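Undergrad: In this note's numbering, the protein residues as written are 15 to 301.
(1) What did DSSP end up calling residue 86 once you bin it into helix, strand or coil?
(2) Out of 103, 129, 134 and 133, point me to the one whose CA is closest to residue 123's CA.
(3) Could you tell me the distance, in whole angstroms, from the CA atom of residue 229 to the CA atom of residue 187?
(4) Under a three-way DSSP split, which group does residue 64 fall into?
(5) By the three-class DSSP mapping on this structure, what secondary structure does residue 277 have?
(6) Whether or not the region 213-226 and the region 245-265 are in contact is what I'm after, with contact meaning three or more pairs of Cβ atoms, one per stretch, closer than 8 Å; do they touch?
(7) Express the C-alpha separation of residue 36 and residue 113 in angstroms, rounding to a whole number.
(8) Buried or exposed: which applies to residue 61, given that a residue is buried once 16 or more other Cβ atoms fall within 10 Å of its Cβ?
(9) Go ahead and pull the three-state DSSP assignment for residue 190.
(10) For my contact list, residue 244 and residue 259 are in at a C-beta cut-off of 8 Å; report their separation, rounded to the angstrom.
(11) Among residues of its own chain, excluding the 5 on either side of residue 23, which ones have a beta-carbon nearer than 8 Å to its beta-carbon?
(12) Starting from the C-beta of residue 214, find all residues in its chain whose C-beta is less than 8 Å away, skip the five residues before and the five after it, and write them out in chain order.
(13) Under the assumption that residue 70 contacts residue 133 (Cβ atoms under 8 Å), give the Cβ distance between them as a whole number of angstroms.
(14) Could you check if residue 284 is buried or exposed, using at least 16 other CB atoms within 10 Å of its CB as the buried criterion?
(15) Considering only the beta carbon of each residue, do residue 109 and residue 82 sit closer than 8 Å?
(16) Would you call residue 303 buried or exposed, if buried means 16 or more other Cβ atoms sit within 10 Å of its Cβ?
(17) Exposed or buried, which one is residue 63 when buried takes at least 16 other CB atoms within 10 Å?
(18) Just how far apart, CA to CA, sit residue 339 and residue 125?
(19) So which of 252, 115, 231 and 34 has the shortest CA-CA distance to residue 272?
(20) Would you give the residue range spanned by the beta strand (DSSP E) that residue 227 belongs to?
(21) Between 97, 194, 174 and 120, which has its C-alpha nearest residue 66's C-alpha?
(22) Which stretch, first to last residue, makes up the beta strand (DSSP E) that contains residue 101?
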């Protein structure tokens with residue numbers, strides 16, 4: 015049953031002062047993807063922009079506990095927030111509009127009509143109502159409630175920006191698959207970051223492995239969870255995990271480009287799956 019509580023709504027008004035501010039995204043909100051941007055570009059070319067971009071003043075995001083990033087994901091200093099309009103809904107439409115080189119003066123921009131909802135709740139509701147969220151999209155919630163910087167969650171956001179699925183992010187950040195979308199949603203009510211991100215013990219090892227792995231492997235390969243699953247398995251069975259952690263970092267850095275390519279290009283052979291082939295090659299070069 016819907017609540018009978020009267021919502022404070024305001025009349026739809028188009029913002030006319032957009033030229034005084036640049037656009038920004040809200041840290042932790044779902045990243046854009048090229049396929050959706052390209053689809054929006056085709057639509058805008060044929061029909062024009064069919065619905066406005068919904069924004070709030072950047073300083074309102076900071077006041078709500080959030081932070082801003084540029085359209086390409088670079089962090090914006092909180093004190094500069096008054097130079098920006100933060101996009102709540104319409105990220106892909108905005109990127110498509112910009113890529114088409116259309117006149118910014120003609121871009122239709124509005125504020126949300128519900129004046130009661132928090133910014134985090136607005137982001138969630140607007141996106142859920144248009145496109146079904148995947149696991150990493152819910153990371154907007156803890157990103158908005160974080161009072162102090164958390165290195166583990168920052169690492170998670172870095173991986174989110176690269177397009178990693180939540181299960182892979184969980185393995186890199188915590189050493190387990192324990193982080194779930196529901197944990198992110200719960201942040202809106204509890205006001206606390208998921209417990210899995212509070213410990214830095216695993217992160218302090220995995221960030222070094224990840225940095226070393228980036229020198230040899232593509233993000234597309236690392237997002238598949240093959241490497242981190244292999245490392246976790248070996249780490250959990252090591253006689254001295256601390257020594258193993260150091261050795262693994264060294265071995266990753268010592269991989270030749272040819273060896274890394276062989277691992278990434280492994281294919282299914284007969285009854286042996288691609289995953290099995292990758293694991294065999296990882297064991298051959300990193301075991």
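Positions of the beta carbon are idealized from the N, C-alpha and C atoms, including for glycine.
This structure is a prediction, so every number in the text was calculated from the model and none was measured.
TA: Per the coordinate set shown:
(1) Within the chain shown, the letter at position 72 stands for residue 86. Note: residue 86 maps to coil in three-state DSSP.
(2) Here the question's residue 123 lines up with position 109 in the chain shown. Of 103, 129, 134 and 133, the residue nearest in Cα terms is 103.
(3) For this step, residue 229 is matched to residue 215 along the chain shown. For this step, residue 187 is matched to residue 173 along the chain shown. Residue 187 has its alpha-carbon roughly 19 Å from the corresponding atom of residue 229.
(4) On the chain shown, position 50 is the one that residue 64 refers to. In the structure shown, residue 64 sits in coil (DSSP, three-state: anything other than H, G, I, E or B).
(5) If you number the chain shown from 1, residue 277 lands on position 263. It is helical.
(6) yes
(7) For the purposes of this step, residue 113 is taken as the residue at position 99 of the chain shown. For the purposes of this step, residue 36 is taken as the residue at position 22 of the chain shown. Answer to the nearest angstrom: the Cα atoms are 15 Å apart.
(8) On the chain shown, position 47 is the one that residue 61 refers to. Flag for residue 61 reads exposed.
(9) For this step, residue 190 is matched to residue 176 along the chain shown. In this structure, residue 190 counts as coil in the three-state DSSP scheme.
(10) Within the chain shown, residue 244 is the residue found at index 230, counting from 1. Within the chain shown, residue 259 is the residue found at index 245, counting from 1. Not quite, the Cβ-Cβ distance comes to about 14 Å (not below 8 Å), so this is no contact.
(11) Here the question's residue 23 lines up with position 9 in the chain shown. Interpretation of residue 23 is limited by its pLDDT of 47, a score under 50 that renders its predicted location unreliable; no figure is taken from the coordinates.
(12) Numbered from its first residue, the chain shown carries residue 214 at position 200. For residue 214, where only same-chain residues beyond five positions count, the Cβ hits under 8 Å are 165 and 166.
(13) Here the question's residue 70 lines up with position 56 in the chain shown. Here the question's residue 133 lines up with position 119 in the chain shown. Indeed, because the Cβ distance is near 6 Å, the residues count as touching under 8 Å.
(14) On the chain shown, residue 284 is found 270 positions in, with the first residue counted as 1. Residue 284 should be labelled exposed.
(15) Locating residue 109 in the chain shown gives position 95, counting from the first residue. Locating residue 82 in the chain shown gives position 68, counting from the first residue. The Cβ atoms of residue 109 and residue 82 lie no closer than 8 Å to each other.
(16) As shown, the chain starts at 15 and ends at 301. That puts residue 303 outside it, with no answer to give.
(17) By one-based count along the chain shown, residue 63 stands at place 49. That one is buried.
(18) What is shown of the chain runs 15 to 301, which leaves residue 339 out entirely.
(19) Here residue 272 refers to the residue found at position 258 when the chain shown is read from its first residue. Distance from the Cα of residue 272 is smallest, within the candidate group 252, 115, 231 and 34, for 231.
(20) Counting from one through the chain shown, the residue named residue 227 turns up at place 213. Unbroken run through residue 227 is the alpha helix (DSSP H), 215-228; no beta strand (DSSP E).
(21) Here the question's residue 66 lines up with position 52 in the chain shown. Of the listed residues, the one whose Cα sits closest to residue 66 is 120.
(22) What you label residue 101 is simply residue 87 of the chain shown in a count that begins at 1. Run containing residue 101: 98-103, per the beta strand (DSSP E) assignment.
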